[in-house]
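In mature numbering (1 follows the signal peptide of the UniProt record, and there is no 0), the protein residues as written are -27 to -1, 1 to 284.
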């Protein structure tokens, strides 16, 4: 009996020892993965999204706090220039709280990417009201009067925000199948999850207000999103990859509904974009080799700079 009890006790002790030695799912987070080497072929694809992550971080930080990375996390800028024209937005408590959450999530995204690969300095960003106004003018094919100001009120800022996370998530969808390493795929999947969530929140808030008229233009929120999506499709030069909040019936989910709170293809699968398509859109030029728009001097990193041979 004593020998049996000894065996049972020893087995139980060994069992608990093994539990301590085997990593739990909670331990298998990105931090533990970052010690592993990222394949060289993945580096450029992981670094490129920093261009958009910097954009989102600065836009959301300034809108909610009135200041950006230079104060919140100056080490992440790697000495890159401060953004042009960014400022606090006129937001109510709820929207301000949501945008601040987004802002801090973007700080986390910058840290996650830079913990995995070296990264590059913050590019020069033009986040001025005039820069957003130009996008809206291009979307409608004429100058809005008065010029669109993204910081003026909640509706305007939500519409301006509509421009950002969706472009980033299509880039992550496009990059994922090209990645070789498990660390890279885990990182991009995690980034994609949160970017998609941000886009869903923004679209849902706008969908709730789809029939509202954006003052003083007399144009509905839904029409604004349609025009912005059409512009992105045009600039991207690769067909339909962007949809507004209300679509023709045949473009809705299963061809049975016009509401389009989440954009997707005929199978409700997220669209994908290449880095070149993204550059064409955020430059506002329709050409990955012609910077402008939100990136007066172009994006940073090997992919973006490789298209700027004349600079």
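Ideal placement from N, C-alpha and C gives every residue a C-beta, glycine not left out.
Anticipated Cβ contact below 8 Å, residue i with residue j, distance rounded
i, j, result
"residue 49", "residue 42", "6 Å"
"residue 138", "residue 168", "5 Å"
"residue 23", "residue 274", "7 Å"
"residue 86", "residue 26", "7 Å"
Terminal residues of the alpha helix (DSSP H) in which residue i lies
i, result
"residue 170", "155 to 181"
"residue 209", "194 to 209"
"residue 143", "138 to 148"
"residue 133", "127 to 134"
"residue 109", "102 to 113"
"residue 279", "275 to 279"
"residue 44", "42 to 45"
"residue 28", "23 to 38"
"residue 17", "13 to 20"
"residue 252", "248 to 256"
Beta-carbon proximity check, residue i vs residue j, cutoff 8 Å
i, j, result
"residue 29", "residue 68", "no"
"residue 20", "residue 93", "yes"
"residue 156", "residue 11", "yes"
"residue 165", "residue 131", "no"
"residue 71", "residue 36", "no"
"residue 33", "residue 75", "yes"
"residue 136", "residue 190", "no"
Residue i in three-state terms, based on DSSP
i, result
"residue 186", "strand"
"residue -25", "Note that residue -25 scores 39 on pLDDT, short of 50, meaning its location in the model is unreliable and no value can be drawn from it."
"residue 219", "strand"
"residue 68", "helix"
"residue 233", "coil"
"residue 81", "helix"
"residue 86", "helix"
"residue 271", "coil"
"residue 228", "helix"
"residue 63", "coil"
Checklist line | the segment 130 to 148 contacting the segment 249 to 263, beta-carbon criterion three pairs below 8 Å | finding: yes
Notebook entry, point to check: Just checking, does the segment 51 to 67 make contact with the segment 96 to 105 on the three C-beta pairs under 8 Å criterion?
Noted result: yes
Check: Quick one: any contact between the segment 215 to 224 and the segment 190 to 205, if contact means 3 or more CB pairs under 8 Å?
Finding: yes
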